[in-house]
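Chain order of the listed sequences is A and B. If you count the first sequence from 1, position 137 lands on 146 in the working numbering, and the numbers rise without skipping. If you count the second sequence from 1, position 98 lands on 107 in the working numbering, and the numbers rise without skipping. Below is one structure, written out as structure tokens; comments come after it.
Protein chains: 2
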Amino acid sequence: MSEKIPVKEGRVARRQRRNRQALIQAAREIMSGRGVDAATMLEIAEKADVGAGTVYSYFKSKDELAIAVLENLMHDLAVRIEEVTDTFDDPAQVYAFGIRTVLDTATGDTHWKQLLHRSEVISDAMFRMMGPFAIRDLRRASQAGRFQVSDAELVWRLTTHALIGAALAITNDKVPPGNKRQIITQLLCMTGIGNDAAVELASRPRPKISREQGAGAVE
Amino acid sequence: MSEKIPVKEGRVARRQRRNRQALIQAAREIMSGRGVDAATMLEIAEKADVGAGTVYSYFKSKDELAIAVLENLMHDLAVRIEEVTDTFDDPAQVYAFGIRTVLDTATGDTHWKQLLHRSEVISDAMFRMMGPFAIRDLRRASQAGRFQVSDAELVWRLTTHALIGAALAITNDKVPPGNKRQIITQLLCMTGIGNDAAVELASRPRPKISREQGAGAVE
DNA sequence: GTTCAGAAATGAATGTGATTCGAATATCAT
DNA sequence: ATGATATTCGAATCACATTCATTTCTGAAC
Numbered sequence: 010m011s012e013k014i015p016v017k018e019g020r021v022a023r024r025q026r027r028n029r030q031a032l033i034q035a036a037r038e039i040m041s042g043r044g045v046d047a048a049t050m051l052e053i054a055e056k057a058d059v060g061a062g063t064v065y066s067y068f069k070s071k072d073e074l075a076i077a078v079l080e081n082l083m084h085d086l087a088v089r090i091e092e093v094t095d096t097f098d099d100p101a102q103v104y105a106f107g108i109r110t111v112l113d114t115a116t117g118d119t120h121w122k123q124l125l126h127r128s129e130v131i132s133d134a135m136f137r138m139m140g141p142f143a144i145r146d147l148r149r150a151s152q153a154g155r156f157q158v159s160d161a162e163l164v165w166r167l168t169t170h171a172l173i174g175a176a177l178a179i180t181n182d183k184v185p186p187g188n189k190r191q192i193i194t195q196l197l198c199m200t201g202i203g204n205d206a207a208v209e210l211a212s213r214p215r216p217k218i219s220r221e222q223g224a225g226a227v228e
Numbered sequence: 010m011s012e013k014i015p016v017k018e019g020r021v022a023r024r025q026r027r028n029r030q031a032l033i034q035a036a037r038e039i040m041s042g043r044g045v046d047a048a049t050m051l052e053i054a055e056k057a058d059v060g061a062g063t064v065y066s067y068f069k070s071k072d073e074l075a076i077a078v079l080e081n082l083m084h085d086l087a088v089r090i091e092e093v094t095d096t097f098d099d100p101a102q103v104y105a106f107g108i109r110t111v112l113d114t115a116t117g118d119t120h121w122k123q124l125l126h127r128s129e130v131i132s133d134a135m136f137r138m139m140g141p142f143a144i145r146d147l148r149r150a151s152q153a154g155r156f157q158v159s160d161a162e163l164v165w166r167l168t169t170h171a172l173i174g175a176a177l178a179i180t181n182d183k184v185p186p187g188n189k190r191q192i193i194t195q196l197l198c199m200t201g202i203g204n205d206a207a208v209e210l211a212s213r214p215r216p217k218i219s220r221e222q223g224a225g226a227v228e
């Protein structure tokens, strides 16, 4: 009948929270610095100041740890975008700004470049962590009559993959960075806004977002 | 001054051709059966009937071998699509049929499912091996006034990533297979054809392509 | 047909690093 | 303070990808 409900957070819970954060932080630094493959679990454990085996009581595998790192990164970016866009009037512009900022960040930030090689994983993390914002924006813009999106989830899904693919192509010099505006225009076309409006939307001036802070908390 | 120009293909050249093909074939079967990671180089070497070290005189690494397998797969599919589409009248339909067939194949064929996890690699292989066809189709349809594509390469690049991402999502039950038509419609929107025309194009009946033959030659 | 230099193939040995697991330690209710 | 339980530790394991010293094959020259 009576469940144990800890009245207060004990040392164990506190240490576990600290360890999990420290591991994500350490992994984020090492993985984004030298790439996921080149980061060894031992190195990460040492940097987080835990034993090598302990990592595995927090994350089932290296892959799972990498996913946690990506989620962390995506969450940060979504929040930083959100800080800026809630002043925009045009809901279509909110979405357009979001995807353009992701593209700029992914191609401009050294930390991101290292991670693009796991594109299916990073796209999925983006879908999940930024989706709540992006899908909301797509719907809002549709309700305002700016977009015509019948399945916002699907459009966002396709967009994440195309976006990460484009970022990867730019990073590998397969596509010149000058094509970024064109890329955003094409992706905006998927919202049914029409080509001319997409061109206009993609060329509006953009404010800066705040600087990256390192690994923040992700609940 | 005088280069050695072998008048006739000697045993060495013949064996090398045979080994390369056998390796790709063996790798294709094992990798697409159990996934790239689960396939060991020793297993592949044995199946191809060469020594473990010999693989490395044909492919610098396991990754390079995997890429060769993907290229092989993509080339096959491109050719099989080509067989059917050269009877179509509407150039826009040729393109639409192509991307729909890729989506169906990638989600329907067990061999493909295993490979989707390397999506950045498979998208790139698709870009290179099917690009010559797809980009040509995009341009033809644009010249015929059906599409309005200013940068066919870019549209194809974005489409490959979105397509593979969508296939992966369907395979992992994140998107229901019934959404395939919607996916194709959205991707067609990137050609500037307009939403209504895209819907119509995506819903035309499609002929069957020929059956997969196993690993064919790729020059 | 024999010989020989170089090319190609071989597979046992190496090295790396993810993961496991039994021992050691810390926690906390009593 | 004590013992049952949960957590951490890190040395040992293990699975491969890759290397390289050795052997085998090839084909031109005689």
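Ideal placement from N, C-alpha and C gives every residue a C-beta, glycine not left out.
Residue i: buried (16+ other C-beta within 10 angstroms of its C-beta) or exposed?
i	result
Asp133 (chain B)	buried
Pro100 (chain A)	buried
Leu51 (chain A)	exposed
Thr119 (chain B)	exposed
Gln195 (chain A)	buried
Gln191 (chain A)	buried
Gln75 (chain A)	As written in the sequence, residue 75 (chain A) is Ala, which differs from the Gln given in the question. Buried, because 16 or more other Cβ atoms sit within 10 Å of the Cβ of Ala75 (chain A).
Asn81 (chain B)	buried
Ser151 (chain B)	buried
Arg43 (chain A)	exposed
Asp85 (chain A)	buried
Val21 (chain A)	exposed
Met89 (chain B)	Correcting the residue identity first, residue 89 (chain B) is Arg in this sequence and not Met. Its Cβ being crowded by 16 or more others within 10 Å, Arg89 (chain B) is buried.
Val213 (chain A)	The question names Val, but residue 213 (chain A) is Arg in the sequence shown. Exposed, because fewer than 16 other Cβ atoms sit within 10 Å of the Cβ of Arg213 (chain A).
Gly19 (chain A)	exposed
Ala178 (chain B)	buried
Under a three-way DSSP split, which group does residue i fall into?
i	result
Phe156 (chain B)	coil
Asp46 (chain B)	coil
Thr200 (chain B)	coil
Lys189 (chain A)	helix
Asp182 (chain A)	coil
Glu38 (chain A)	helix
Ile218 (chain B)	coil
Arg24 (chain A)	helix
Arg213 (chain A)	coil
Gly19 (chain A)	coil
Arg6 (chain B)	Examination of residue 6 (chain B) is not possible in this model, given that chain B is present from 10 through 228 alone.
Arg137 (chain A)	helix
Arg127 (chain B)	coil
Between the beta-carbon of residue i and the beta-carbon of residue j, is there less than 7 Å?
i	j	result
Ala176 (chain A)	Ala115 (chain A)	yes
Thr200 (chain A)	Phe156 (chain A)	yes
Tyr67 (chain B)	Leu32 (chain B)	yes
Phe142 (chain B)	Ala87 (chain B)	yes
Ile193 (chain A)	Ser128 (chain A)	no
Ala236 (chain B)	Leu167 (chain A)	A query on residue 236 (chain B) cannot be resolved here, the shown segment of chain B reaching from 10 to 228 and no further.
Met4 (chain B)	Met40 (chain B)	Nothing about residue 4 (chain B) can be read from this structure; chain B reaches only from 10 to 228.
Ile131 (chain A)	Leu79 (chain A)	yes
Ala77 (chain A)	Ile53 (chain A)	no
Thr180 (chain A)	Lys122 (chain A)	yes
Val208 (chain B)	Asp146 (chain B)	no
Glu112 (chain B)	Lys56 (chain B)	The displayed chain sequence assigns Leu, not Glu, to residue 112 (chain B). In this structure, Lys56 (chain B) does not lie closer than 7 Å to Leu112 (chain B) by Cβ.
Ala161 (chain A)	Arg149 (chain A)	no
Trp165 (chain B)	Gly187 (chain B)	no
Alpha helix (DSSP H) runs contained entirely in the segment 52-125 of chain B, provided each spans 4 or more residues: Segments of the alpha helix (DSSP H) lying fully in the segment 52-125 of chain B: 64-67, 71-94, 100-117 and 119-122.
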